[in-house]
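> Once you've had a glance at the structure underneath, I'll fire off some questions.
There are 2 protein chains.
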Amino acid sequence: MSDTPTIDQPSPPSAPRRGARSLQKGQHTRAVILDAALGLASHMGLEGLSIGALADVTKMSKSGVFAHFGSREELQIAVVTEYHAKFEEEVFFPAIREPRGLPRLRGLYERWVRRVSVEIDSGCIYISGAVEFDDRPGPVRDALVSMVKAWHAALRKAIVLAKDIGHLAPDTDVEQILFELHGLILSLHHDARFMRIPGAIGRAGVGFDRVIHSVITPAGQHIDAETKKKLATTAPKKRT
Amino acid sequence: MSDTPTIDQPSPPSAPRRGARSLQKGQHTRAVILDAALGLASHMGLEGLSIGALADVTKMSKSGVFAHFGSREELQIAVVTEYHAKFEEEVFFPAIREPRGLPRLRGLYERWVRRVSVEIDSGCIYISGAVEFDDRPGPVRDALVSMVKAWHAALRKAIVLAKDIGHLAPDTDVEQILFELHGLILSLHHDARFMRIPGAIGRAGVGFDRVIHSVITPAGQHIDAETKKKLATTAPKKRT
């Protein structure tokens, strides 16, 4: 760490400058490899990742790739972490800026649907990873589980807030709602990606309404109608 | 075919007798290999299957396994077909003996839940296969898709009948119900097998009620209450 220039400690001009530049270059190369790895893992699954395949795709030597990721497992975990960061950026952070209650819950869900529908051609690493690693204990499985847990926690919190704020009935079973909403997303991924059935995105939307409307309050109905109107004007055109 | 003894054409005593016995032995060996292959595929996925791994498990030579399944692909397809036959036997055939309408639909769903919950320790080949082969065109993917299509068709028919018979509202969106019920099963598999969250089987049941009760008629409510009572007394104890 002491070799790394920081904002607080400006470094002397010559040698460390080169160090900074090569550090930057190293970070750039790492990002290029990671990006290729994400693409590969989306199509082939995390188990389809290998140092060799990545060397092919990035036109680097195996030892070049190896210098950045010391093992296949380290690479798989880096991909899971990177995927999670992108997921947070696209789904979580924009949605938590919505007002708490149903607007935020719907915001999280609709962005989740949008994300999965963009991934229909590539595949979702969470969903494929869950199946690949359900039976393989180890650090990759642990990383995947902790990412999905973090996402579940964010959804759970949004449902609890919607209940506390009076948009959902006080006796709403939070875990049940979470279970059903996740099921709709899994069904969307299955039908659109594996079965190539058209209309799955629309069905994921109708499903959300059915789940929520079984526990919605009059105040919630009012706010949800407003939210739907707002989202309809701002959301990008949907594909199936 | 002409060498094979049949019931209509009794064969002369000596040589063909041995033929019959060796045919029987061959079928038995094939069944033993297939059974081991099913176990292996449930844990490791269809992609985890190999002639070599099977030779290990069955304590046979590779060429011995190869004599029964000419290629890995042929083996994978045989596993999918065998899995489907078992699924039909456990889920489909007992359920279609239930009276048409909601009793049959609930019968199909509850047996499906039971099947997946038994598979929590091993995994469902349909669900893992869908993820493994969503991006890999070829005969294994085709076999998987056609099996899932057959199962979807059976469920669709049960929903249509429940609507025709007046247990579900005339404007019930059949594809939507199918989409949501399948989602509940996928969520059950995900939560119980990958996340090891307790209570998923119960949630799959509550989810069915929510989906169905949003489209149920008074006649349907009456018959469904009867069905639940009957199933509660005959179903085996549930695990989570």
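Sequence order for the protein chains is A and B.
Position in the first sequence (first residue = 1) + 778 = our numbering.
Position in the second sequence (first residue = 1) + 778 = our numbering.
Note that beta-carbon positions come from the ideal geometry of N, C-alpha and C, so glycine has one too.
According to DSSP, simplified to helix, strand and coil, what is B/ILE994?
strand
> Using the beta-carbon count (16 or more within 10 Å), is B/GLU910 buried or exposed?
buried
> Just checking, does the stretch 934-941 of chain A make contact with the stretch 950-961 of chain B on the three C-beta pairs under 8 Å criterion?
no
> In whole angstroms, give me the CA-to-CA distance for B/HIS1000 and A/ALA936.
36 Å
> When you compare only the Cα positions, how much space is there between B/PHE847 and A/ARG799?
Approximately 57 Å, taken between the alpha carbons.
> Going by CA-CA distance only, name the one from B/VAL858, B/VAL857, B/VAL835, B/TYR887 that's closest to B/PHE755.
Residue 755 of chain B is absent from the model: chain B starts at 779 and stops at 1018.
> At the level of alpha carbons, what is the spacing between B/VAL810 and B/LEU801?
Using only the alpha carbons, I get a separation of about 14 Å.
> Can you name the start and end residues of the alpha helix (DSSP H) that B/PHE870 belongs to?
Careful: B/PHE870 lies outside any alpha helix (DSSP H) and carries neither H nor E.
> Grouping DSSP H, G and I as helix and E and B as strand, with all else coil, what is B/LEU818?
DSSP places B/LEU818 in helix when its eight states are reduced to three.
> Buried or exposed: B/SER965, going by 16 or more other Cβ atoms within 10 Å of its Cβ?
buried
> Starting from the beta carbon of A/GLN854, find every residue of chain B whose beta carbon is closer than 8 Å, and list them in chain order.
Residues of chain B passing the Cβ test: none, with the nearest at roughly 16 Å.
> I'd like to know whether the C-beta atoms of B/GLY826 and B/LEU818 end up nearer to each other than 8 Å.
yes
> To the nearest angstrom, report how far apart A/GLU867 and A/ILE903 are at their CA atoms.
16 Å
> Does the beta carbon of B/ILE990 come closer than 8 Å to any beta carbon on chain A?
no
> Using the C-alpha atoms, what's the distance from B/GLU1004 back to B/PRO877?
12 Å
> Along chain B, in chain order, which residues have C-beta atoms closer than 8 Å to that of A/GLN999?
The premise fails here: A/GLN999 is roughly 16 Å from chain B at the closest Cβ pair, so nothing lies under 8 Å.
> Find the residues of chain B that neighbour A/SER906, judging by a C-beta separation of less than 7 Å, and give them in chain order.
VAL909
> Go ahead and pull the three-state DSSP assignment for A/LEU946.
strand
> I'd like to know whether the C-beta atoms of A/ALA921 and A/VAL869 end up nearer to each other than 8 Å.
no
> Which residues of the stretch 954-971 of chain A have a Cβ closer than 7 Å to any Cβ of chain B? Give them in chain order.
Cβ proximity to chain B below 7 Å picks out GLN954, PHE957, GLU958, HIS960, GLY961, LEU962, LEU964, SER965, HIS968, ASP969, ARG971 from the stretch 954-971 of chain A.
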